[in-house]
Each structure stands twice: as C-alpha cells, then as structure tokens.
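S.K.: One structure, pasted below without further comment.
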Amino acid sequence: FAHKLVPKIQDWGQENVCAVMIHGRSRLQRYSKLANWDYIHEVYEAQSSEIPKIPAFIGNGDIFSYVDYEEKVLKHEGLSTTAMIGRGALIKPWLPTEIKERRHWDISASERLDLLKDFVKFGLEHWGSDTHGVNNTRRFLLEWLSFLHRYIPVGLLEANSIPQTMSQRPPMHVCGRSDLETLMMSKNSADWIKISDMLLGPVSGGFNFQPKHKANSYK
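Following the working numbering, the numbering of the sequence shown begins with 5 at its first residue and continues without gaps.
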C-alpha cells in the first residue's frame, strides 16, 4: 500500500511535504514479523523521477544497536540518515549514544538508576510532589520499567550474542553482576514496584500495576 501512496504524496510538492516516515511492518503484523527495510527502500524507489523527490525519507523498525542502524539505514541508498526509534529507545534510552559512538555500551546498573532518578525528578517537577504528582510519576515510571527490564547487559551476553536482538529477553533466574542489576532484569512487576519505592518511597497498601501495553497488545 505504501508504495502506491507515497508517489501521490510526492505530487503535493516539496513546499507541502518535507518528510515521510515509513514503518517496515504493518499494524496487523504488530511484532510478529521483523521490520522489512527492503520494502521501505522499495517505497522510496517508487517515487517518480520526473518531479522532485520528498526531501527526507525516514525509516522505522527494529533498530536496537549501531549495527542495526548501519545495516538497515545506511546500507539503503537514498534513505535519510535520520531514523525513528521506538521500542529500542524505551528499552535502551542510551541507544542514540551507541549509534553515534559506534559501540555496544556495557552500561552499569548504577548508571541506569541515575537515568531513572532524572526521570523521577522531571516527573515531580511536571506533576508536583504532592500525592497526585507522586502517583502519576510512579505510574509512568512503572510503564517504562515494563520495557527497561528487557535489556540484557552486554557483559552478560556471550560474545557471539552481541548485540542483543529486540526479541531477546533476560533468561529466567539469571543473576546480574550486582543485586541492583539482577532486580532491573526481573520481569515481575512487583520488582518494578520495588525500584519505584527506592525513588519515590513506598506505595500505599493494595497498590497494583499492570502494563498498558501488556493488557492491550499481548492478549
């Protein structure tokens, strides 16, 4: 469908369209398939050569390391060197640094905790430090932790398993190099709440949490 739609968008002219973003997977596929970057490039090539092309053609899908970025974005001629990153940035918010510096960053648990401290600080600044502000910040923090726990530290991966793929998850009962690293790899939402307690104080009795993406997308 996109390869038929984009030439029509091209007809609108550069003064009306400065960029197009294409995801290499359909809504119905969800996460059951890998993003098809060859198709993204096919859509780019579907533009007419008789009129100016869309200035920026941005791809999206399954970028989780600098290796992914180079293989999916840079190897497809004509695509913008800019790329949209979704889940990759939720699981590894330091991913742009890895791409820029072309390295697999074995970020420590304490460095990751510092990122969470900044997140909590910004949340309390935005919503306030009263009960309502703390609860809002906690909810968004827990939603984020439901993605962050999927990260497997580079130092725990076998050499031939680097970089981690988007579908990989920490093995059951794996121990990290510190108690904090082990806690951060847990898929148990009760452990995510423990991390939120470290940053926001203990939750009230009867508190329960279920990730929105799990409730809506993984039935």
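Positions of the beta carbon are idealized from the N, C-alpha and C atoms, including for glycine.
Check whether the stretch 71-90 and the stretch 30-50 touch, using three or more Cβ-Cβ pairs below 8 Å as the test.
M.R.: Yes, they touch.
S.K.: Here's the rule: buried if 16 or more other CB atoms are within 10 angstroms of the residue's CB, otherwise exposed. What is Gln33?
M.R.: Per the 10 Å Cβ criterion, exposed.
S.K.: I'd like to check one pair, Phe211 with Ser193: are the Cβ atoms closer than 7 Å?
M.R.: Contact flag unset, no.
S.K.: Using the C-alpha atoms, what's the distance from Asp15 back to Ile55?
M.R.: The alpha-carbon atoms of Ile55 and Asp15 are separated by roughly 8 Å.
S.K.: Mind reading off the beta-carbon distance from Cys179 to Thr186? Whole number of angstroms is fine, and I expect it under 8 Å.
M.R.: Indeed they touch by this definition, with Cβ atoms about 5 Å apart.
S.K.: Relative to the C-alpha of Glu49, which candidate in Leu145, Lys8, Asp183, Asn20 has its C-alpha closest?
M.R.: The residue with the shortest Cα to Cα distance from Glu49 is Lys8.
S.K.: Ignoring anything shorter than 4 residues or poking outside the stretch 113-162, list the alpha helix (DSSP H) runs there in chain order.
M.R.: Qualifying alpha helix (DSSP H) stretches, in chain order: 113-131, 135-152.
S.K.: Decide if Lys76 is buried, meaning its Cβ has at least 16 other Cβ atoms within 10 Å, or exposed.
M.R.: Buried, because 16 or more other Cβ atoms sit within 10 Å of the Cβ of Lys76.
S.K.: Do the stretch 63-73 and the stretch 84-99 meet, that is, are 3 or more Cβ pairs less than 8 Å apart?
M.R.: Judged by Cβ distances under 8 Å, the stretch 63-73 makes contact with the stretch 84-99, as three or more pairs qualify.
S.K.: When DSSP builds the beta bridges, which residues end up paired with Ile62?
M.R.: Looking at the DSSP assignment, Ile62 forms a beta bridge with Met25.
S.K.: For Pro206, which residues in the same chain have their Cβ closer than 7 Å to its Cβ, ignoring the five residues on either side in sequence?
M.R.: Around Pro206: no qualifying Cβ.
S.K.: Going by alpha carbons, who is nearest to His108 out of Asp195, Lys96, Ser114?
M.R.: When only C-alpha atoms are compared, the closest one is Lys96.
S.K.: Would you identify the three-state DSSP class for Val194, choosing helix, strand or coil?
M.R.: Reading off the sequence shown, one finds Ala at residue 194, where the question assumed Val. Helix.
S.K.: With Ile111 and Ile58 assumed to form a contact (beta carbons below 8 Å), what rounded beta-carbon distance in angstroms separates them?
M.R.: Contact flag wrong, Cβ pair sits at about 36 Å.
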